[in-house]
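According to the working numbering, the residues represented by the sequence shown are 2 to 109, in order. For every residue, glycine included, the Cβ atom is placed at its ideal position computed from N, Cα and C. The structure presented is a predicted model; accordingly, all values stated were derived computationally and were not measured. Note sheet for the following structure.
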Amino acid sequence: MGQLPVEVTVHRVFEDGVAEDLVCPKGLELAPAIAFVEKVLAKGHWVVIVPDGDSGLTSEVSLPISSDLLSEIVGKAIKARSRVLVLPEAIDRSVIAPVLQDLPGKHL
């Protein structure tokens, strides 16, 4: 993808559902954001990537996935102004919906 076409917020979600945000400004390269996502996933946490002006639609990606494929999926979702939920292999899915509802922006 190269540079981000819009500002993107990466919400890192811990086991207790608490989110921590990383804001990636428009024009930043996608690669550092993907590297951050991969580090978060390696720790067993999960992320929601939200582009500025998001449509409220959410795509879901789960590990295992290659860096190249993850970059491609995230890049396409950002261009479409869709959120991307990136999950580690083992996760308690019951915590996902409440966290998504608490994030700012549009909701389905």
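Neighbour-count burial assignment, residue i, 16 or more Cβ in a 10 Å radius
| i | result |
| --- | --- |
| Leu42 | buried |
| Leu58 | exposed |
Rounded C-alpha distance that separates residue i from residue j
| i | j | result |
| --- | --- | --- |
| Gly28 | Glu73 | 17 angstroms |
| Leu86 | Asp22 | 14 angstroms |
| Ile79 | Cys25 | 12 angstroms |
Anticipated Cβ contact below 8 angstroms, residue i with residue j, distance rounded
| i | j | result |
| --- | --- | --- |
| Val48 | Val9 | Not really, about 11 angstroms apart at Cβ, beyond 8 angstroms. |
| His12 | Leu70 | Contact flag wrong, Cβ pair sits at about 21 angstroms. |
Cβ neighbours of residue i in the same chain (closer than 8 angstroms, five flanking residues each side left out)
| i | result |
| --- | --- |
| Ser67 | none |
| Val7 | Lys27, Pro52, Asp53, Gly54, Ile79, Arg82 |
Other residues of its chain near residue i: CB distance less than 6 angstroms, five sequence neighbours each side excluded
| i | result |
| --- | --- |
| Ser56 | Arg82, Ser83 |
| Val62 | Ile74, Val87 |
Q) Mind pulling the beta strand (DSSP E) runs of 3 or more residues that sit fully within the region 15-42? A) 20-25
**Q.** Residue ranges of each alpha helix (DSSP H) within the region 40-85, 4 or longer
**A.** 68-80
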